[in-house]
Structures are given as structure tokens and as C-alpha cells.
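For reference, the structure discussed in these notes is given below.
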Amino acid sequence: SRTSAAMARLLSALVALVMVAQTAAFAPSSWVSTRSATKWGARFQQAQPRTGLAQNECLVVMSAGSGMGIIIAGAPASGKGTQCARITEDFGVVHLSTGDLLRAAVAAGSDLGKEAKGFMDSGKLVPDQLVIDLIAEKLKSDDCKTKGWLLDGFPRTAAQAQALADTGAKCDCFISLNVPDSDLVDRVVGRRTDPETGDIYHMTFNPPPAGEIADRCTQRSDDTEEKVKVRLEQFHDNVNAVVDFYKDVKTEVDGTAKPDEVYTTIKSTLDAATTK
Numbered sequence: 018s019r020t021s022a023a024m025a026r027l028l029s030a031l032v033a034l035v036m037v038a039q040t041a042a043f044a045p046s047s048w049v050s051t052r053s054a055t056k057w058g059a060r061f062q063q064a065q066p067r068t069g070l071a072q073n074e075c076l077v078v079m080s081a082g083s084g085m086g087i088i089i090a091g092a093p094a095s096g097k098g099t100q101c102a103r104i105t106e107d108f109g110v111v112h113l114s115t116g117d118l119l120r121a122a123v124a125a126g127s128d129l130g131k132e133a134k135g136f137m138d139s140g141k142l143v144p145d146q147l148v149i150d151l152i153a154e155k156l157k158s159d160d161c162k163t164k165g166w167l168l169d170g171f172p173r174t175a176a177q178a179q180a181l182a183d184t185g186a187k188c189d190c191f192i193s194l195n196v197p198d199s200d201l202v203d204r205v206v207g208r209r210t211d212p213e214t215g216d217i218y219h220m221t222f223n224p225p226p227a228g229e230i231a232d233r234c235t236q237r238s239d240d241t242e243e244k245v246k247v248r249l250e251q252f253h254d255n256v257n258a259v260v261d262f263y264k265d266v267k268t269e270v271d272g273t274a275k276p277d278e279v280y281t282t283i284k285s286t287l288d289a290a291t292t293k
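Basically this note's numbering = 1-based index in the sequence shown + 17.
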């Protein structure tokens, strides 16, 4: 009868719900997800034993989105911004540039921005805690949790690397762009930014279009030879400790190659990470 059939379907549904609840409650600790959604399905890593779980706690299986945690490192003007734009477009991750975030805070006149401005104008690194607080807040966003993230310019010190790890954020790929200091100084001094679009040009290698765009382009206050040498000195003082922190997921890239060639190497690395 129709009534019997309906009751049978209802009973089957109830049994299925009970099985899901039991699976979630007694799932092995290695099934506890610590990552956000991934393009290649759910990713899991060993977690602490599950204790005191509520009976209705469910195991969430993740799907769409890339979900990778990517860090791109390199000295000022090593080409991080150019490569980040392409990574973001191809892999859909959220691009978090500490430089952009700090400059936005300065422009907004926030307390953090006011504190950071003095350090930035003198070419010095902004103190760890200021940067850590800024990044930690961004990583809590829904976009970063579901799409994954790309950190540009962070971490720059061992303390920052440890602080990032302490948030539970997992780095899948650490990309290091290597460029000689002499090339970096030339790149920085000639760099110009379009304040309306954020596009970056170079007066020798990639000059802005003549006319309105060229006229409105500006030079960052710390893009002088004197200040970039201070930044490079501080970069070299800290880079080895940061690279060592991520040695298991590190890829070294020749940043003196043409941008397309640099990206070919980077994309190959990231594509390989999605299949692991």
C-alpha cells in the first residue's frame, strides 16, 4: 500500500541519519579535518584524539575551492606581486599582501596604520605583533577558509612563521623567488604605481603608457636606493630562518627569468600540490 511504502522510506531515512551520527561520533582522530575546502576533495591531517563529542557532531566532507595555503617569499621587487596576480587568477585563492594591507591601514588612518607608518617611511620592518594581528584577522574570513590563501610578504621573520603556525594555518607550498641584490635595487628605484588601478610599472623595463596614466603614477616613499638597501639588509637577516621553517614544502625559483618562465615553474609546483 502507499502508506506502507511511505513508512518504509521514512524508516530508511531514519536509519541513514543514525549511521551518519555514529560515524561522526566515533571517527578516527586522523579523520578530523583541519583544512578548508579543497579542489581535490577533503584533506585531513593527524589531530588530537576526539573526546567529549556531542552525539550530533558531524564529520564535514569538503568539496569545491582550491583550499591551498601558499606563501610566496622574496626580497623587495623580486616579482612577488606579478606572480601573485597570476596565482590568484588560476587557483582562486585569496591574495593577502602585508604591504597592501599595511598601506591601506595607513591611508585609513587607523591606530595600526599610524603605528606602522613611521617604520614604513624609514624603510624598516613593521614590528611582528602588528603584522601578526593584521594577518590573523584576515585568515579568519570566510573567503580564506573556503578558497584558501596566498600570503605575500609574510612571514618575514621566524617569530612570524611560528605565529602563523600557531593559528592553525597550514602552508602547502612555500615559493622562494631568488634575485641578486644589484638587480633588486634597479627594480625598486624605477618602480611606479598607478594609484587608481594598483598596476605596477617600471620606468625602464615596463614604463606606464604616456599621458594620463603616466602622469598619475607615483613612487612609494620607501622605493629609494637608500631605503631599499635597509630593507634588503633586514630581509637577509631573517630569510634563512623563515626558509628553514618551511623546508619540507619549499620550492626555489629563479626570479631573474622572464615573468612567464617564472610562473611556469610556480604553476607546475602548485599543480603538483593539488594531486597530493
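Ideal Cβ positions, reconstructed from N, Cα and C, are used throughout, including at glycine.
| Query | Result |
| --- | --- |
| Near the ligand GDP: Ala124 beta-carbon under 6 Å from a heavy atom | The ligand GDP is not part of this structure, which contains no ligands at all. |
| Segment limits, beta strand (DSSP E) that includes Tyr218 | Ile217 to His219 |
| Residue span of the beta strand (DSSP E) that contains Thr210, given as start and end | Arg208 to Thr210 |
| Rounded separation between Ala122 and Leu129 - CA only | 7 Å |
| Check whether Gln177 and Asp145 have beta carbons under 7 Å apart | yes |
| Spatially closest choice to Ala186 from Gly86, Gln100, Leu201 and Thr291, by CA coordinates | Gly86 |
| Exposure label - Ala289; buried when at least 16 CB within 10 Å | exposed |
| Classification of Phe191 by the beta-carbon crowding that lies within 10 angstroms, buried from 16 upward | buried |
| Strand pairing of Val270, partner residues [DSSP] | Leu194 |
| Cβ pair Gly272, Val196 closer than 7 Å | yes |
| Test item: CB-CB of Gly140 and Lys244 under 7 Å | yes |
| Inter-stretch contact at 8 Å, needing at least 3 Cβ pairs: the region 158-175 / the region 246-257 | yes |
| Lys164, buried or exposed, once every other Cβ within 10 Å from all chains shown has been counted against 16 | buried |
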